[in-house]
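Written out below as structure tokens is the structure these notes cover.
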Amino acid sequence: MSAPFRLIQSHDDLTEGAAWLARAEPRFAPVLDQVGDLPLRLKPPGFKGLVEIIISQQVSVASADAIRLRMAEAGLFHPSKVRTAGQDGLRAAGLSKPKARYVHALALSDLDYAALERLPDGDAIAALTGLLGIGPWTAQIYVMFCLGRADMFPPGDLALQEAARVLFDLDARPTPEALALMAQQWSPWRSVAARALFAYYRIIKQREGLG
1 MSAPFRLIQS
11 HDDLTEGAAW
21 LARAEPRFAP
31 VLDQVGDLPL
41 RLKPPGFKGL
51 VEIIISQQVS
61 VASADAIRLR
71 MAEAGLFHPS
81 KVRTAGQDGL
91 RAAGLSKPKA
101 RYVHALALSD
111 LDYAALERLP
121 DGDAIAALTG
131 LLGIGPWTAQ
141 IYVMFCLGRA
151 DMFPPGDLAL
161 QEAARVLFDL
171 DARPTPEALA
181 LMAQQWSPWR
191 SVAARALFAY
201 YRIIKQREGL
211 G
């Protein structure tokens with residue numbers, strides 16, 4: 001019995017999705033040519049993957065990497081270690097007070113990560129956002145990159161909003177609601193569209209740096 005949702009598990013899946021996307025929305029075609037092969041960016045599902053997404057919220061890549069390294073050295077990617085260390089131990093590893101609270105609460109939760117892999121996208125999002133400190137963006141990123149779902153899109157992501165503004169020549173960044181509506185046209189490969197826009201955003205920033 002096949003899964004009730006499409007998965008991205010290999011570069012072949014990305015190639016298939018990118019070809020579909022370029023046909024469905026021709027403005028993606030030159031972007032896909034510019035960015036080249038899209039990255040899988042898949043992460044193993046589970047506590048560690050979700051904590052890494054929480055770490056990456058609203059901080060630079062360098063800061064997130066430094067915190068991840070300290071967390072790994074302290075063994076804080078295991079729920080039992082987090083429960084023992086408490087919020088103070090998480091703060092010592094570099095997490096902000098709110099993030100330490102969220103990660104500690106996650107370690108205390110009874111979230112069934114294996115069950116998430118079997119749930120439809122919407123149900124998985126609902127299960128995740130029912131936890132303290134897990135908002136739509138965190139849940140959507142987890143479903144897209146840790147569960148490997150092919151039709152997920154985080155419209156509240158500022159990088160995606162800015163990339164869409166430039167690509168579609170909009171006067172301003174689209175709101176999350178407007179971008180979600182736009183992204184409906186990219187189903188069933190919205191996760192490929194997100195990867196393309198993330199890659200395009202990096203190109204935009206590089207151009208600005210050269211300007």
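Residues in the sequence shown are numbered consecutively from 1, following UniProt numbering.
No residue lacks a Cβ here, since even glycine has one placed at the ideal position from N, Cα and C.
- alpha helix (DSSP H) segments (min. 4 residues) lying fully within the UniProt domain "HhH-GPD" (55 to 203): 61 to 73, 79 to 92, 97 to 108, 113 to 116, 121 to 129, 136 to 141, 158 to 167 and 176 to 183
- Can you name the residues that DSSP bridges to Val38? One-based indexing of the sequence shown puts residue 38 at position 38. What sits at residue 38 in the sequence shown is Leu, not Val. Note: Leu38 sits in no beta bridge, so no partner.
- Query: Buried or exposed: Thr175, going by 16 or more other Cβ atoms within 10 Å of its Cβ?
  - Reply: Position 175 of the sequence shown, counted from the first residue, corresponds to residue 175. By the neighbour-count rule (16 or more Cβ atoms within 10 Å), Thr175 is not buried but exposed.
- Exposed unless 16 or more other CB atoms sit within 10 angstroms - verdict on Lys205: The residue you call residue 205 lines up with position 205 of the sequence shown. By the 10 Å Cβ count, Lys205 comes out exposed.
- Query: How many angstroms separate the CA atom of Thr138 from the CA atom of Leu128?
  - Reply: Taking the first residue of the sequence shown as position 1, residue 138 is located at position 138. Taking the first residue of the sequence shown as position 1, residue 128 is located at position 128. One C-alpha to the other measures close to 8 Å.
- Message: Does the structure place the segment 96 to 104 close enough to the segment 15 to 22 that three or more beta carbon pairs sit under 8 Å?
- Response: no
- Query: Contact between the segment 186 to 204 and the segment 148 to 167: three or more CB pairs below 8 Å?
  - Reply: yes
- Work out the CA separation of Gly36 and Ala29 for me, nearest whole Å. Numbered from 1 along the sequence shown, position 29 holds the residue referred to as residue 29. Numbered from 1 along the sequence shown, position 36 holds the residue referred to as residue 36. If you take the alpha carbons of Ala29 and Gly36, they lie about 11 Å apart.
- Query: alpha helix (DSSP H) containing Leu14: first to last residue?
  - Reply: For this step, residue 14 is matched to residue 14 along the sequence shown. Going by DSSP, Leu14 is part of the alpha helix (DSSP H) stretching over His11 to Ala24.
- Message: Taking 7 Å as the limit between beta carbons, can you name the residues of its chain near Leu108, skipping five residues before and five after?
- Response: Within the sequence shown, the letter at position 108 stands for residue 108. If we look at Leu108 and ignore the five residues flanking it on each side, its Cβ neighbours are Arg83.
- Cβ neighbours of Arg190 in the same chain (closer than 7 Å, five flanking residues each side left out): Locating residue 190 in the sequence shown gives position 190, where the first residue counts as 1. Once the five neighbours on either side are set aside, the close Cβ partners of Arg190 are Asp151, Met152, Phe153 and Ala183.
- Query: Between Arg165 and Leu179, what straight-line distance do the alpha-carbon atoms span, to the nearest angstrom?
  - Reply: Along the sequence shown, one-based indexing puts residue 165 at 165. Along the sequence shown, one-based indexing puts residue 179 at 179. One C-alpha to the other measures close to 10 Å.
- Cβ neighbour criterion (16 or more within 10 Å) applied to Glu177: Here residue 177 corresponds to residue number 177 of the sequence shown, with the count starting at 1. Residue environment: Glu177 is assigned as exposed (fewer than 16 neighbouring CB atoms within 10 Å of its CB, all protein chains considered).
- Task: Decide yes or no for the touch test of the segment 44 to 51 against the segment 111 to 123: beta carbon pairs closer than 8 Å, at least 3 of them.
- Result: yes
- Task: Could you tell me which residues DSSP pairs with Pro50 in its beta bridges?
- Result: Numbered from its first residue, the sequence shown carries residue 50 at position 50. Position check: residue 50 holds Leu in this sequence, whereas Pro was assumed. Per DSSP, none; premise fails for Leu50.
- Task: Output the distance between the C-alpha atoms of Ile8 and Leu170, rounded to the nearest integer angstrom.
- Result: The residue labelled residue 8 in the question sits at position 8 within the sequence shown. The residue labelled residue 170 in the question sits at position 170 within the sequence shown. Distance between the alpha carbons of Ile8 and Leu170: 30 Å.
- Query: Is Gln140 buried or exposed, if buried means 16 or more other CB atoms sit within 10 Å of its CB?
  - Reply: Along the sequence shown, one-based indexing puts residue 140 at 140. So Gln140 counts as buried.
- Same chain, Cβ closer than 6 Å to Asp13, neighbours up to 5 away in sequence not counted: On the sequence shown, position 13 is the one that residue 13 refers to. Within the same chain, Asp13 has no close Cβ partners at all.
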